[in-house]
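Which chain is which? The protein sequence lines are A and B, in order. Residue 1 is where the first sequence starts when you use the working numbering, and the numbers rise one by one after that. Residue 310 is where the second sequence starts when you use the working numbering, and the numbers rise one by one after that. Think of the CB as a built atom: it goes at the ideal place given N, C-alpha and C, for glycine as much as any other residue. Each remark here refers to the structure printed beneath this line.
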Amino acid sequence: MKVLLVIGDRLGEYDPLTVNGVAAGLHFGDVTVLAAGPNSQKKADKAAQINGVKEVLLATHPTLQKPSVENLAMLVNELTPSFDIILAVTSTFGSDLIPRVAALANSSPITGVWAIAKDHTLTRPINAGAVLAQLNLPKPPVFLTIRPTAFPANFISNNTRKAKITVIDKSYECNLSQHKTYTPSANVRPDPVSAKIVVAGGGGLQAGGSFELVEKLADRLNAAVGASRTAVDMGLASNDLQIGQTGRCIAPDLYIALGISGAIQHLAGIKDARMIVSINSDPNAPLHGAADFALTADIFSAVPELLKK
Amino acid sequence: MKLLVPIKMVPNPTLPVRMSRDTATPQKPDLKDIPLVINPFDENALEEAVLLREAQIASNVTVISVGPDSWVSEMRTALALGADKAVHIPCDKQVSPLTIAKCIKQFIALEDIQLILCGRQGVDADNGSVGPMLAALLGWGQATFVSKLSVNGNLATVKREVDGGTQELTLPLPAVITTDLSLNTPRYASLPNIMLAKRKPLETLSAQKLGVELTHELEIIKYQTPPPRPPTTRLNSVAELESILSKKGFLS
């Protein structure tokens, strides 16, 4: 099967989750990568070094050098007949693009794919992760977004032999959405989706009036910072740090929850973490039940004590 | 300017979903005891539409649903929340996002809609597909995950929540916008508005009349419960936690 992976775009830069897209694509066969948008040359060069990438298509026309989902969808639609699987990572980029491209090809996408079996049966979580739904791979062309955390890319080393880069310089202009600016999030710590350790805070932080406690522990552990929806709603953390069904799904080696009660939607985003630790003064917090290790304690005394070690 | 808000009903997302206990195969999620509510993201979309009408930027807000008859009472709730008209396209089985997008597209051919506001995803199936698909079928521009919207004449200016930060973009109307939870805080339906909603128009339109076949090309073949996590170990002290973190190599 021939796979086209459309490289993600992180505020106009190369998306490091591209390797996870390649890892998923290799379940079906050879992976061709499409690089477009700002810095597409740089994105193409990086993607060409990933093991398993057969060819990189590089869109160079100014209409595709700017972020425009409508223009990019036109190009992908034109490439679709040459491929069996059109793939992107379940990021805000992939979730924006893939359904649009699927509709242009009169097809429904399968989003948030969590596992691909040997016989190409697909599994995706539904109902906030309470249920796993299995689907047969439809007839090509198939449009997928894959959960990056479910397809670790540890086996993909940087290839010294670069894949061939083919330039597409055709114009695609829909004159629809016009990009103005990107504003990077204030978060200076690692991205929670790719981090090995994530420390997250919830409503329990409100008593302190800030996220400082979470940040201090995160910095001690060289970890990313995450937040529950409650903490975001309280204004303690920015929206892009939200972990959960309606935020981002993570799968770190260690997840530490500080003062997070554990709504169903939050648990949906952390189910794939290897080890879950919960610190909460409420012994009945649902997150305590989901955790591997639960410590019933006041976070404002327990965390400083842990930091002293 | 007329606005359209596609809405779906989902099992109340604050209640846990379990698999059915009967031994019938194939096993399915048991949803019969979980009350239906308007999909939370769709409530944000409806709220934004009603705010635009209250600001006299929009003249009319229509909600549309493709779903079973059991959804009709919640469509009345949408009217109580401020929609002017509801359109129900009856559909008794699960259908694909493509089918839903086609139904809505055909409805738009009958009405002069300038802006479609959708929730970014249904919290039951988590597809997140209908909004961008609808934009593609109509040849309109799209902005997904929108957390701020202003409409000025024929131009929408939006802020999108994207990985790593936010993006600002402009969209010529007509266009499709999908909403993030941070866009607004949906209101509650007041008693007078619930009474008023009973007299608002709720029309039924058949998919057949719209020329759309109700199909599902993505049939689910099997439902499973995720593998259980190991039981919780309750710790008694920070020292115990510290020793575990050290032993696993997280704390050096």
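Straight-line Cα distance separating residue 527 of chain B from residue 433 of chain B = Each residue's alpha carbon lies about 16 Å from the other.
Cβ of residue 215 of chain A within 8 Å of any chain B Cβ | no
With distances taken Cα to Cα, identify the nearest neighbour of residue 129 of chain A among B/330, B/317, B/322, B/329.
-> Of the candidates B/330, B/317, B/322, B/329, B/322 places its Cα closest to the Cα of residue 129 of chain A.
Outcome for residue 116 of chain A when other beta-carbon atoms lying within 10 angstroms are tallied against a minimum of 16 | Burial is judged here by how many other beta carbons sit within 10 angstroms of a residue's own beta carbon; residue 116 of chain A has at least 16 and is buried.
Residues of chain B with a CB under 9 Å from the CB of residue 169 of chain A: which are they?
-> From the beta-carbon of residue 169 of chain A, no residue of chain B is found nearer than 9 Å; the closest lies around 24 Å away.
Residues in the stretch 229–254 of chain A with C-beta within 7 Å of chain B's C-beta atoms, listed in sequence order?
-> 239, 240, 245, 246, 254
Could you tell me which chain A residues have their CB closer than 8 Å to the CB of residue 541 of chain B, listed as they occur along the chain?
-> Simply 288, 289, 290, 291, 292, 293, 294.
CB contact check: residue 18 of chain A to chain B, cutoff 8 Å | Output row for residue 18 of chain A: interface = no.
Along the chain, where does the alpha helix (DSSP H) that runs through residue 399 of chain B open and close?
-> Taken as a continuous stretch (DSSP letters only), residue 399 of chain B belongs to no alpha helix (DSSP H), being part of the beta strand (DSSP E) at 394–399.
Should the stretch 98–112 of chain A be regarded as contacting the stretch 436–448 of chain B, the criterion being three or more beta carbon pairs within less than 8 Å?
-> Touching, per the Cβ criterion.
For residue 297 of chain A, which option in B/549, B/390, B/492, B/485 has the closest C-alpha, if you only look at C-alpha atoms?
-> B/549
Kindly provide the ranges of any alpha helix (DSSP H) runs that are 4 or more residues long and lie completely inside the stretch 208–238 of chain A, ordered along the chain.
-> Counting whole runs of 4 or more residues, the stretch 208–238 of chain A contains the alpha helix (DSSP H) stretches 212–220, 229–233.
Cα-Cα separation, residue 529 of chain B to residue 337 of chain B = Between the alpha carbons of residue 529 of chain B and residue 337 of chain B lies a gap of roughly 10 Å.
Compare the C-beta of residue 131 of chain A with all C-beta atoms of chain B and state if any pair is closer than 8 Å.
-> yes
In chain order, what residues of the same chain lie with their CB nearer than 8 Å to the CB of residue 525 of chain B, ignoring the 5 residues before and after it?
-> Answer for residue 525 of chain B: 402, 403, 404, 405, 408, listed in chain order.
Buried/exposed call for residue 499 of chain B, threshold 16 Cβ in 10 Å = exposed
Ignoring anything shorter than 4 residues or poking outside the stretch 338–384 of chain B, list the alpha helix (DSSP H) runs there in chain order.
-> 349–363
Cβ separation of residue 86 of chain A and residue 141 of chain A, assumed to be a contact under 8 Å, to the nearest whole Å | 6 Å
Can residue 132 of chain A and residue 125 of chain A be called in contact, C-beta distance under 8 Å?
-> yes
Can you list the residues of chain B that residue 112 of chain A reaches, using a CB-CB cut of under 7 Å?
-> 435
Residue 318 of chain B (DSSP reduced to helix, strand or coil) | strand
Figure out for me which residue from A/284, A/282, A/292 has the closest Cα to the Cα of residue 271 of chain A.
-> A/292
Using the DSSP secondary-structure output, state which residues sit across from residue 125 of chain A in a beta bridge.
-> Residue 125 of chain A pairs with A/132.
If we call anything under 8 Å between Cβ atoms a contact, is residue 201 of chain A one with residue 223 of chain A?
-> no
Could you pull out every unbroken beta strand (DSSP E) segment of at least 3 residues lying fully inside the stretch 445–521 of chain B, listed in chain order?
-> 450–461, 464–471, 474–481, 484–488, 511–513
Going along chain B in order, which residues have a C-beta closer than 7 Å to the C-beta of residue 138 of chain A?
-> 526, 527
List, in order along the chain, the chain B residues whose C-beta lies closer than 9 Å to that of residue 277 of chain A?
-> 544, 550, 553, 554
Rounded distance between the beta-carbons of residue 250 of chain A and residue 269 of chain A, thought under 8 Å | Taking C-beta atoms under 8 Å as the contact rule, residue 269 of chain A and residue 250 of chain A qualify, at a distance of about 6 Å.
Taking 8 Å as the threshold, find out whether the stretch 9–28 of chain A comes into contact with the stretch 69–88 of chain A through three or more Cβ pairs.
-> yes
Neighbourhood of residue 72 of chain A by C-beta, 6 Å cutoff - its chain only, sequence neighbours within 5 removed | The residues are 36.
Pull up the distance between the alpha-carbon of residue 435 of chain B and that of residue 541 of chain B, whole angstroms please.
-> Straight-line Cα distance between these residues: approximately 29 Å.
Under 9 Å between beta-carbons, which chain B residues line up against residue 188 of chain A? List them in chain order, please.
-> The premise fails here: residue 188 of chain A is roughly 12 Å from chain B at the closest Cβ pair, so nothing lies under 9 Å.
Helix, strand or coil: which one does DSSP assign to residue 65 of chain A?
-> Here DSSP, grouped into helix, strand and coil, assigns residue 65 of chain A to helix.
Please name the residue in A/246, A/94, A/254, A/242 whose C-alpha comes closest to that of residue 556 of chain B.
-> A/254
Rounded to the nearest angstrom, how far is the Cβ of residue 350 of chain B from that of residue 430 of chain B, given a contact under 8 Å?
-> 6 Å
Buried or exposed: which applies to residue 317 of chain B, given that a residue is buried once 16 or more other Cβ atoms fall within 10 Å of its Cβ?
-> Buried, since its Cβ has 16 or more Cβ neighbours within 10 Å.
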